[in-house]
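This report refers to the structure that appears directly beneath it.
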Amino acid sequence: MAGAEVILQTRAIKGFKDILPDEVHIWQRIETVARGIFRCFGFSEIRVPVLERTSLFVRSIGEETDIVEKEMYTFTDRNGDSLTMRPEGTAPVLRAYVEHALHLKSKVARLYTIGPMFRHERPQKGRLRQFHQMSAEVLGAADPFTDAEVMAAAHTILAELGAEASLEINSLGCPDCRPAYNRLLVDYLRSRTEKLCSDCRRRLDKNPLRVLDCKNETCRAEVEESPAVTAHLCAPCAEHFAAVKENLASLGVPFRENRFMVRGLDYYRRTTFELVTDRLGAQSAVGAGGRYDGLVESLGGPKNTPGIGFAIGMERLVLLMAEKERGLPPGTDLFIAALGDEARGHAFRLMHALRLKETACLMDTSGGGLKSQMKQAGKTRAGHTLIIGDDELASGLAILRDMETGDQKHIPVTEDIETTAAHIAAELERGE
RNA sequence: GUGAGCGUGGCUCAGUUGGUUAGAGCACCGGGUUGUGGCCCCGGAGGUCGUGGGUUCGAGUCCCAUCGCUCACCCCA
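Position one of the first sequence corresponds to residue 982 (our numbering), numbered consecutively onward.
So, in structure tokens, the structure goes:
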């Protein structure tokens, strides 16, 4: 194999995927729909870099998390700085919020962003190393209406795209009440360590909450009787959670409380939620989020800035979208079938004039028979085909065929390309 | 990081107990009379059977190694 290593590997690297022309329209649809909904919910787009200082993620996501410990694409750049390809979107957006003092622009900032994230995990169904998320953050609003609003936004995006997922919510408490609950849970779990799986015994020390959503059946059974977070919230957290549920219900957004749901990033407080489905193989969440009051401050932002947000995994969303929701790639407006050298030159100029008039236009400049060109017109899913040969050029009348109905009509063509193009554009316009 | 399954033309796959020039469907190209697509019919092009080694008179079919893909664990969107 020594020689083979020299050969260029024309293959994308593991976990990185091309989105090909035949499927890119699905992504465009998702983005268009999402942008529209974000706008209605009052969000503005923000675009942030893919690369950040490693410390940003370590501080926000948490040193002990799997993401930081073993999944980040981290490297030292030419200056010796440690940089990381963003594994999630919240930290960079909050960094930008703090850096540009966006809190001074308005009381509440509502931001969304769409783009690639990177985590070095073993790829499987619904899990890639470069994946895409659309995420939204609301900074500066602590009230329980905001929680409901944010969840409603996520829910609306999925619903609008025909992706079925159910909303599950939970509250993880705050620094005032979580430590006490944590001790309670650990005590409970320690009393039955022998019954837990090996993974959960490890979790017991590292992140006891994790035991709550273990997939192992015996662990599940043990955990069934465990003390619930939501039963041990402090008064303000309990009140907040109750109000969130009330507000969600008042909007008619269906949800289910799931006291076993936990989050993998350390910064979450109080409200957390997931949009889950059983149609994604081993992955169940298409979207997830929660409140992270305190995170802005810990990144050097103004004190007591509350925050809440969510992210939707776009390739998981694509997987969930029903066939009928995906649509077809757009066809061209007009295919020009030219026969004969003179007609070809004429058609070429005509095509360009039409393109400048915002008509999507294609022809086969390499020529070929009419039948072959008609086939291509069909394949490009052209709305119309203009047939123009040397005969038509001589008579001054070309044929415009409606590819749907098969109707054909004559269109005057002259040396005046502009006028001819205008004729055709008008004719196509009429058909719509 | 761990485990399992799979690797045959662009795609989806078939290839009997190892035996002559490796097949199909879809896609692609051409044709079915003079200049008209989507259906149908005919024809064509396209594969060192992931790679390397081994067993054998002979391997896509057996063995080993290696690379890759997929799914699951884990983790998470």
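Where a beta carbon is used, it is the ideal one built from N, C-alpha and C, also for glycine.
Since the structure is predicted, the reported quantities are computational estimates derived from the model, not experimental observations.
heavy atom of the ligand SAM below 8 Å from residue i C-beta
i: P1310; result: Annotation note on the ligand SAM: not contained in the displayed structure, which lists no ligands.
Three-state secondary structure assigned by DSSP to residue i
i: R1362; result: coil
i: I1368; result: strand
i: A1403; result: helix
i: P1097; result: strand
i: E1033; result: strand
i: L1142; result: coil
i: G1294; result: strand
i: P1416; result: For the chain, the structure presents residues 982 to 1413; residue 1416 sits outside this window and is missing.
i: G1412; result: helix
i: N1197; result: coil
i: M1344; result: strand
i: R1173; result: coil
i: V1013; result: The question names Val, but residue 1013 in the sequence shown is Thr. Of the three classes helix, strand and coil, the one that applies to T1013 here is helix, per DSSP.
i: F1038; result: helix
i: E986; result: Unreliable placement is indicated for E986, whose pLDDT of 36 sits below 50; the coordinate value is still reported in the next sentence. E986: helix per DSSP, three-state reduction.
i: H1081; result: coil
i: E1306; result: helix
i: A993; result: coil
i: D999; result: coil
i: S1116; result: strand
i: G1326; result: helix
i: H1213; result: coil
i: D1397; result: coil
i: M1332; result: helix
i: D1168; result: helix
i: E1373; result: helix
i: S1207; result: coil
i: K1338; result: coil
i: S1279; result: helix
i: V1243; result: coil
i: D1157; result: coil
i: T1137; result: helix
Opening and closing residue of the beta strand (DSSP E) in which residue i lies
i: A1318; result: 1315-1320
i: S1063; result: 1063-1066
i: E1069; result: Neither: E1069 is in no beta strand (DSSP E) and is coded neither H nor E.
i: E1149; result: 1147-1152
i: D1237; result: First, the residue type needs correcting, since residue 1237 is Arg and not Asp in the sequence shown. Start and end: 1236-1238.
Candidates the options, of which the one nearest residue i by Cα
i: T1395; options: L1409, S1376, Q1389; result: S1376
i: N1188; options: D1047, K1352, S1116, G1107; result: D1047
i: E1385; options: R1244, P1287, G1364, R1330; result: G1364
i: R1110; options: E1306, I994, N1239; result: I994
i: L1367; options: A1402, D1397, R1250, L1337; result: A1402
i: L1351; options: G1370, L1335, L1139, G1061; result: G1370
i: A1263; options: R1108, P1125, L1280; result: R1108
i: L1343; options: M1242, V1131, G1312, D1383; result: G1312
i: E1118; options: I1095, V1167, V1031, Q1105; result: I1095
i: E1205; options: A1219, L1177, A1216, L1229; result: L1177
i: Y1273; options: G1233, F1126, G1288; result: G1288
i: R1091; options: P1068, H1113, D1128; result: D1128
i: D1194; options: N1228, T1035, M1242, Y1249; result: M1242
i: D1168; options: D1186, D1157, L1153; result: D1186
i: E1476; options: E1012, E1033, L1037; result: Residue 1476 falls outside the range modelled here, since the chain spans only 982 to 1413, and no answer is possible.
i: Q1009; options: N1285, K1360, M1295; result: M1295
i: N937; options: T1137, E1175, R1191, G1321; result: The displayed coordinates of the chain run from 982 to 1413. Any statement about residue 937 would go beyond what the structure contains.
i: T1180; options: K1196, L1166, S1172, L1165; result: The identity of residue 1180 in the sequence shown is Asp, whereas the question assumes Thr. For the residues K1196, L1166, S1172, L1165, the minimum Cα distance to D1180 belongs to K1196.
i: G1245; options: E1045, L1331, R1034, H1404; result: E1045
Continuous alpha helix (DSSP H) stretch holding residue i: start and end
i: A1224; result: 1216-1231
i: K1187; result: 1179-1187
Distance between beta carbons of residue j and residue i, contact taken as under 8 Å
i: M1302; j: I1018; result: Going by Cβ atoms, the distance from M1302 to I1018 rounds to 15 Å, so no, they are not a contact pair.
i: V1257; j: E1149; result: 6 Å
i: F1340; j: A1406; result: Sequence check: residue 1340 is Thr here, not Phe. Yes, they are in contact, since the Cβ atoms of T1340 and A1406 sit about 6 Å apart, within 8 Å.
i: A1358; j: A1318; result: 6 Å
i: L1381; j: D1314; result: The pair is not a contact, with the Cβ atoms about 12 Å apart (cut-off 8 Å).
i: G1070; j: A1266; result: Actually they are not in contact, since the Cβ atoms of G1070 and A1266 sit about 15 Å apart, beyond 8 Å.
i: V1031; j: R1067; result: 6 Å
i: G1268; j: G1290; result: Their Cβ separation, rounded to whole angstroms, is 11 Å, which puts G1268 and G1290 out of contact at 8 Å.
i: H1213; j: C1155; result: Actually they do not touch by this definition, with Cβ atoms about 12 Å apart.
DSSP beta-bridge partners of residue i
i: A1266; result: V1257
i: R1272; result: R1250, I1289
i: Q1105; result: R1108
i: K1352; result: None; K1352 has no bridge partner.
i: R1020; result: DSSP output for R1020 lists no bridge partner at all.
i: E1026; result: Y1093
i: A1379; result: I1392
i: F1056; result: L1064
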